[in-house]
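The structure appears right after this line, and notes come after that.
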Amino acid sequence: MNKLNDLVSTLLKSPVLWGAAVSAGFYALIHAGVLRGEAVELYFAGHPVEYFATSMFFVALAVLVLKALAIVAQQQSLRNSPLGPIARSGRVEDDCRVMLERLDRLPESRRDDYFPLRLREAIDHVRRQGSAAALDDQLKYLADMDVARAHGSYALVRVIIWAIPILGFLGTVVGITMAIANLAGGSAVVDGAIEETIPRVVGGLSVAFATTTQALILSIVLMFAQYFTEQRENALLGRIDQRMAKELDGRFEQLPAGAEGELVAVRRMCERVVQAAEELVDHQARLWKASMDEAAARWSGQAEAAGEQLQRVLTAGLEKSLAAIAQQVTAGQQAIAQQNQRHWDGVQQSQSQQAERLAELQTGLVRQAEVLHQAIAASGEVTKLEAALNRNLGALAGAKHFEQTVMSLAAAIHLLNARLAEAPGDSASVALSANARNTQAA
8 MNKLNDLVST
18 LLKSPVLWGA
28 AVSAGFYALI
38 HAGVLRGEAV
48 ELYFAGHPVE
58 YFATSMFFVA
68 LAVLVLKALA
78 IVAQQQSLRN
88 SPLGPIARSG
98 RVEDDCRVML
108 ERLDRLPESR
118 RDDYFPLRLR
128 EAIDHVRRQG
138 SAAALDDQLK
148 YLADMDVARA
158 HGSYALVRVI
168 IWAIPILGFL
178 GTVVGITMAI
188 ANLAGGSAVV
198 DGAIEETIPR
208 VVGGLSVAFA
218 TTTQALILSI
228 VLMFAQYFTE
238 QRENALLGRI
248 DQRMAKELDG
258 RFEQLPAGAE
268 GELVAVRRMC
278 ERVVQAAEEL
288 VDHQARLWKA
298 SMDEAAARWS
308 GQAEAAGEQL
318 QRVLTAGLEK
328 SLAAIAQQVT
338 AGQQAIAQQN
348 QRHWDGVQQS
358 QSQQAERLAE
368 LQTGLVRQAE
378 VLHQAIAASG
388 EVTKLEAALN
398 RNLGALAGAK
408 HFEQTVMSLA
418 AAIHLLNARL
428 AEAPGDSASV
438 ALSANARNTQ
448 AA
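Be aware that the sequence shown starts at 8, since it is given in the numbering used here, and climbs by one per residue.
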């Protein structure tokens with residue numbers, strides 16, 4: 008964006024651009040019929056040399072107009088002080104720095120003017136020298152430089168003022184050549200047609216004299232315009248010389264004459280030595296700091312490298328330890344799994360044995376239930392036999408055959424015992440004694 012602004016500003020300040028634009032407008036008015044007249048046609052549009060000379064005239068005129076506007080603007084800017092009030096800090100360097108900062112705050116359009124630019128160069132000279140002892144000589148030198156710069160700014164105008172008469176003479180040569188060429192046709196004179204040849208010869212001579220007249224008039228106008236512009240610019244430079252002396256007066260400490268001045272000079276020299284020593288110490292401190300920073304960075308890099316190496320070593324050791332622990336844990340898990348497997352195998356075997364024992368017990372219980380059923384059935388039969396015996400005993404008692412009946416009963420008991428002997432050992436046996444039976448019978 009700044010480059011674009013600079014380009015636009017340069018184009019707007021270009022005298023060639025303005026001169027070409029004015030020339031194009033001028034000839035557009037002529038060909039459009041706005042500017043009419045025999046003189047206009049003769050002195051500005053009669054020959055291509057006149058076109059070129061007129062265009063150069065407008066370019067030079069644009070240079071002078073732009074310079075006149077710049078001179079007026081700079082004269083107006085001299086009314087205000089760009090440095091502001093006088094402020095002394097006791098050191099020339101600080102005062103110069105403050106004034107240069109104030110000049111930096113000026114608009115960019117004024118920084119290249121004579122007055123601010125000369126102030127900047129003078130203050131910069133004092134800052135470099137460290138004193139204002141040679142300021143007057145520097146101001147004279149700067150004034151001479153501005154005069155030379157002002158003179159050099161009119162170089163294009165001087166070239167154009169020199170070139171326009173040359174173009175006029177060139178037009179004169181071209182016109183005379185045209186006239187002579189028309190006279191060279193001798194056949195027209197022989198045939199008695201001189202009336203047709205004279206207008207062409209006069210036309211060629213008119214071009215010659217018109218271009219010369221135009222060139223001389225334009226160059227005279229430019230010379231007077233340049234003269235008045237230079238006079239205004241020289242007056243501006245004179246006012247700037249006066250204003251420079253007034254503006255810088257009292258802003259810098261001047262050395263008194265005699266021994267006192269020498270003491271001040273020695274004091275300033277000592278101050279410079281102290282300042283140089285301070286700058287040297289500051290520079291050495293910066294170098295030490297840079298060295299310490301570099302050493303710290305180097306130590307930091309080495310520490311990082313050592314940390315990374317230690318991390319790699321610890322990582323490798325931990326990986327080995329973890330691998331060994333994992334192997335041990337795996338072996339322990341396998342041993343525990345095998346032990347649990349064996350335990351579960353034993354438990355399953357015990358359960359199988361218990362199941363077999365329960366099956367055997369169940370089988371024994373079934374057999375005992377069958378025996379018990381048989382015993383119960385036998386007990387019913389015994390009851391029936393006992394009832395029969397009781398009936399028989401009653402019958403025998405009634406028949407008086409008791410002894411025979413007892414013997415029959417004993418035989419029946421033996422038979423019953425024989426039947427019961429086939430039952431388990433813990434089955435109840437039926438025993439009937441003769442005495443009991445006798446007692447019951449009695």
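Glycine included, each C-beta is placed from N, C-alpha and C at the ideal position.
Proximity winner among the options, relative to residue i (alpha-carbon distances)
i: Val164; options: Val105, Ala292, Ile227, Glu388; result: Ile227
i: Ala232; options: Asn397, Leu416, Lys74; result: Lys74
i: Arg86; options: Gln345, Glu254, Arg364; result: Glu254
i: Thr219; options: Asp119, Leu287, Leu174, Gly26; result: Leu174
i: Glu108; options: Met152, Ala384, Arg127, Leu76; result: Arg127
i: Leu142; options: Ala252, Pro172, Gln340, Gln334; result: Ala252
i: Leu242; options: Tyr121, Lys296, Lys391; result: Looking at the sequence shown, residue 242 is not Leu but Ala. Comparing Cα-Cα distances from Ala242 to each of Tyr121, Lys296, Lys391, the minimum goes to Tyr121.
i: Thr184; options: Ser160, Leu317, Ala215; result: Ala215
i: Trp160; options: Gln136, Ala418, Glu311, Ala69; result: It should be pointed out that residue 160 corresponds to Ser in this sequence rather than to Trp. For the residues Gln136, Ala418, Glu311, Ala69, the minimum Cα distance to Ser160 belongs to Ala69.
i: Gly26; options: Ala297, Lys147, Ala67, Val180; result: Ala67
i: Asp101; options: Asp111, Ala188, Arg134; result: Arg134
i: Arg117; options: Gln82, Leu146, Leu149; result: Gln82
i: Ile78; options: Thr236, Val181, Gly40; result: Thr236
i: Cys103; options: Asp131, Ser84, Glu115; result: Asp131
i: Ser138; options: Ala46, Glu45, Glu278, Gln238; result: Glu278
i: Leu392; options: Ala162, Ala302, Asn424; result: Asn424
For residue i, the three-state DSSP class (helix, strand or coil)
i: Gln346; result: helix
i: Pro469; result: The requested residue 469 does not occur in the structure, where the chain is confined to residues 8 to 449.
i: Gly91; result: coil
i: Asp256; result: coil
i: Val105; result: helix
i: Arg86; result: coil
i: Leu303; result: In the sequence under discussion, the amino acid at residue 303 is Ala, which differs from the Leu named in the question. If DSSP states are grouped into helix, strand and coil, Ala303 belongs with the helices.
i: Val197; result: A caution first: Val197 carries a pLDDT of 46, below 50, which makes its placement in the model unreliable, though a value can still be read off. Here Val197 sits in helix by DSSP.
i: Gly53; result: coil
i: Ala139; result: coil
i: Thr17; result: helix
i: Asn397; result: helix
Start and end residues, alpha helix (DSSP H) containing residue i
i: Arg134; result: 121–136
i: His158; result: 142–159
i: Ser30; result: 22–39
i: Leu42; result: Counting along the chain, Leu42 falls outside any alpha helix (DSSP H), and DSSP gives it neither H nor E.
Cβ-Cβ distance between residue i and residue j below 7 Å
i: Val56; j: Leu223; result: no
i: Leu113; j: Pro89; result: yes
i: Tyr50; j: Gln221; result: yes
i: Phe65; j: Ser21; result: no
i: Ile171; j: Ala60; result: yes
i: Asp153; j: Leu244; result: yes
i: Leu416; j: Leu396; result: yes
i: Ala292; j: Glu240; result: no
i: Ile32; j: Ala217; result: Note that residue 32 is Gly in the sequence shown, not Ile. No. Outside cutoff.
i: Ala155; j: Gln145; result: no
Test: residue i CB closer than 7 Å to a CB of chain D
i: Tyr34; result: The chain labelled as chain D is not found in the depicted structure, where only one protein chain is given.
Proximity test, residue i beta-carbon vs the ligand ZN heavy atom, cut-off 6 Å
i: Phe235; result: This structure lacks the ligand ZN; in fact it carries no ligand of any kind.
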